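Going line by line, the protein sequences match chains A and B. Here my numbering is used: the first sequence runs in plain steps of one and ends on residue 389. Here my numbering is used: the second sequence runs in plain steps of one and ends on residue 699.
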Amino acid sequence: MSTWKPLSGTQAVAEAMRQINPDVVAAYPITPQTPIVEFFAQYVANGVVDTETIPVESEHSAMSATVGAAAAGARAMCATASQGLALMWEVVAAVPGLRLPIVMPIVNRALSAPINIHCDHSDSMGATTIGWIQIFSENGQEAYENMLLAIRLAEHPDILLPVMVMQDGFITGHSVENVEIFDDAKVRAFVGTRKPDRYLLDVEHPYTIGPLALPDYYFEIKRQQEEAMRHVKKVYMETGKELSKITGKEYPYFESYKLDDADAAIVILSSAAGTAKDTVDKMRADGKKVGLLKPKLFRPFPYKEMRKALKDVPVVGVLDRSMAFGAYAPVYAEIKNALFELDKRPKLQSYVFGLGGKDIFKSDIEKVFNELLSGEVNSEEERYIGLRG
Amino acid sequence: MATLQEIMSKPIGLAPGHRMCSGCGISAIVRAILAASDKPIIIANSTGCLEVVTTIYPYSAWKVPWVHVTFENAAAVASGMEAAYKSLRKRGKIDKDVNILAVAGDGGTYDIGFQALSGALERGHNFMYVVYDNEGYMNTGNQRSAATPYGANTTTVPAGSKSFGKPQWRKNIVEIAAAHRIPYAAQATNHNLIDLYKKAKKGFEADGPAFLAVLQPCTTNWKFDPALTMAYSKLAVETNFWPLYEVENGKIHVNYKPKNRKPVEEFLKGQGRFKHLFKAENKHVIEKMQTMIDEEWERLLKFEESGIEL
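Below is the structure:
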């Protein structure tokens, strides 16, 4: 039996963690991730879970302690956002090379400076090249389910890589919606327990983790990491099918919304995709054939499938909630990459919106669609939505 | 009490064949500490000499579970290991008692790892933290750390026509550790292995965090004859440059009091890093060093005598 609960996005993630009941959680509070830590701490305080928590003194130590726990054999989790992710970056970057299956929810927030606590994707987009699997969530429901999927994905023996599960700070993180929480027993059977083949606390079988590797082996180890990443798509699909049996939902690499016959489409991540889907509905009602693609699995990036999904759309606008200063915005760059192989490519336009939590409205998205439909696009140009004149 | 021979011939977790410099005393420190553990041990090692020389992939000198992550986080990694131990034990996934050891150099302890160390001591994890203190970034060729003594010549604060080397004294890391109200903190050397062994044993047996600072004269970058490592350790103690003492539940006990304290020059001479101090114009540096050492020693004795808890 599932139950519907009014939950914020952060609380939905804490619910997933309650059901997972990890061996160890080490985290440091940072806006807007803090409620995850608080809700989970209360579960511990009330004996709802029996996880060992480590209330560390910084995010650097949060990820370090998570790594220590995972290396020791625990199913260990952390959670962070923005400056926190930036502070722990050194250790975050070490985790994939250590092949530790750590799952970490990220509540996306702008990066300083200027300091800003509101949503954009600058934090996790800064960590796209270091070997974490990344999954973006549109709302609390998705964040909750992605957490369950992430655990299985990370710990799969063909993968053994860490996963970040993103949701938008405040917009998703602090907004309360009805979230369907699936049956504890079924979820627990799905997530199971971690069964590492090697771990420090297996003292009868000592092993060395994190050695120095010189030019003779470093490259080879990194190449193996890439091999593991290449297994992700397959395992993601298989695990998603298994999760579907509990949730009745599908877990595609991305969501295609009214894309098949679209004259124009936008690609947009996370919560703003919800607003954009409303806009699509309204414009469809007005007789305009527009559609949307919402990436979910962002690392590894499903280039081939994206290419197939977008190949027949005459014009595509990509809306990024972060910038890559001096380069194409991150999602735009990926879409452009994905489409390169086509003989006949859609026209493309890059848009940046919502930095530092600036709102995006349906009227903004409608304007984007009309601009795309007009054909007034320039694939070399970055346009900005809602920027002060 | 085991004899020195018994201690050092115990089969332990560090295999020979590692790549430490000729004359390096780190392995003696590690051997004595591993020998003092009567339970299986799991180790978190920060980046530094010990990590580099024991694990060049695909080889490992470690016959005990060992992890290295980054430079500044051995204490935080050990915190996670301890939490995992408690959790897996509680959940019946493992059934053995273990000792948890974090080991780091002085750079990873006094400097870049200071916050992680303080956090772990404050949270009260049941583990022992050992710093092998070679008084600077010796693995990378003698850069200054907060453990580098006054007057030493390093590549980042070199002696020159306008400089006598490091103008600050070192941090008192043992007292700082003890100020976290941990049950055990101590200072030891590798020439007195019985003392080190006893301290490691107390550290492992303490109910809560233990901290151990062990002097490790570095033949390569202090620049002395590799045959003299233990001699320099001994001179550091005989000059009161590095007193052997412990802080047990806040109470200071000085483990060794030299009958005739040797002048600090005895320790300084023959070390390349202090060579410039023997020029006439740097006489005042040695004099100041002697004053600081004597004052620190007097202060330590007063603490011991007073019985006041740190």
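A virtual CB, placed ideally from N, CA and C, is assigned to each residue, including glycine. In this text the structure is predicted, and so the values were computed from the model without any measurement.
Check                                                                                                                                                                              : Outcome
Note down, in chain order, every chain B residue with its Cβ under 8 Å from the Cβ of A/Gly73.                                                                                     : Ala473, Leu477, Lys482, Ile483
Does the beta-carbon distance from A/Ser2 to A/Asp183 come in below 8 Å?                                                                                                           : yes
Among all the DSSP beta bridges, which residues are the ones paired with A/Lys294?                                                                                                 : A/Glu255
Tell me which residues share the same chain as B/Leu439 and place their Cβ nearer than 6 Å to its Cβ, disregarding the 5 neighbours each side in the sequence.                     : Ile415
For the beta strand (DSSP E) holding A/Glu52, just list the boundary residues, first then last.                                                                                    : 52–55
Using a Cβ-Cβ distance cut-off of 8 Å, determine whether B/Ile415 contacts chain A.                                                                                                : no
Give me the DSSP bridge partner(s) of A/Lys347.                                                                                                                                    : A/Val315
Examine chain B for any beta-carbon lying closer than 8 Å to the beta-carbon of A/Thr208, and answer yes or no.                                                                    : yes
Compare the beta carbon distance of B/Val466 and B/Gly402 with 8 Å and say whether it is the shorter of the two.                                                                   : no
Using 8 Å for Cβ pairs, my map puts B/Tyr621 next to B/Ala595. What's the rounded Cβ distance?                                                                                     : Incorrect: roughly 29 Å between the Cβ atoms, too far for contact.
How about B/His569: is its C-beta nearer than 8 Å to some C-beta of chain A?                                                                                                       : no
Is A/Ala213 helix, strand or coil when you go by DSSP?                                                                                                                             : coil
Taking only beta-carbon atoms, is A/Pro211 less than 8 Å away from chain B?                                                                                                        : yes
So if I threshold CB-CB distances at 9 Å, which residues from the stretch 44–64 of chain A count as touching chain B?                                                              : Asp50, Thr51, Glu52, Thr53, Ile54, Pro55, Val56, Glu57, Ser58, His60, Ser61, Ala62, Met63, Ser64
Using CA coordinates, which residue listed in A/Gly73, A/Met63, A/Pro105 is at the minimum distance from A/Glu15?                                                                  : A/Pro105
Give the residues from the stretch 4–30 of chain A that approach chain B closer than 7 Å (Cβ to any Cβ), ordered along the chain.                                                  : Asp23, Val24, Ala26
Could you tell me which residues DSSP puts in a beta bridge with A/Val232?                                                                                                         : Note: A/Val232 sits in no beta bridge, so no partner.
Indicate whether at least one CB of chain A lies closer than 8 Å to the CB of B/Ser468.                                                                                            : yes
For the structure I just gave you, are there three or more beta carbon pairs, one from the stretch 108–126 of chain A and one from the stretch 76–84 of chain A, closer than 8 Å?  : yes
Would you kindly report the start and end of the unbroken beta strand (DSSP E) that includes A/Ser8?                                                                               : 3–8
Taking the CB atoms as reference points, tell me whether B/Ala391 and B/Leu582 lie closer together than 8 Å.                                                                       : no
Classify A/Ser374: buried if its beta carbon has 16 or more other beta carbons within 10 angstroms, exposed otherwise.                                                             : exposed
Using 8 Å for Cβ pairs, my map puts B/Ala493 next to B/Gly437. What's the rounded Cβ distance?                                                                                     : 6 Å
List the whole-angstrom C-beta distance separating B/Trp686 from B/Pro632, where the pair is believed to meet the contact cut-off of C-beta under 8 Å.                             : 6 Å
Take every Cβ of the stretch 340–359 of chain A, pair it with every Cβ of the stretch 292–311 of chain A, and state whether three or more of those distances are shorter than 8 Å. : yes
Take B/Asn579 as the anchor and find which of B/Asn610, B/Arg570, B/Ala625 has the nearest alpha-carbon.                                                                           : B/Ala625
Based on Cα-Cα distance, which residue from A/Ala150, A/Asp197, A/Gly97, A/Ile117 lies nearest to A/Val13?                                                                         : A/Ala150
Report all residues from its chain with a CB closer than 7 Å to the CB of A/Arg307; omit the five preceding and five following residues, and keep chain order.                     : Ala338, Leu339, Glu341, Leu342
Assuming A/Gly291 contacts A/Leu259 (C-beta within less than 8 Å), just tell me the rounded distance between them.                                                                 : 4 Å
Distance check for A/Leu212 and B/Ser411, CA to CA, integer angstroms please.                                                                                                      : 20 Å
Helix, strand or coil for A/Trp132, going by three-state DSSP, please let me know.                                                                                                 : coil
Pick helix, strand or coil for B/Trp686, following the three-state DSSP scheme.                                                                                                    : helix
Bridge partners for A/Pro105 per DSSP, in chain order?                                                                                                                             : A/Val165
Indicate the three-state DSSP secondary structure (helix, strand or coil) for B/Lys640 in the structure shown.                                                                     : strand
Do you know offhand how far A/Tyr303's Cα is from A/Gly192's?                                                                                                                      : 31 Å
DSSP state of B/Asp484, grouped into three classes?                                                                                                                                : coil
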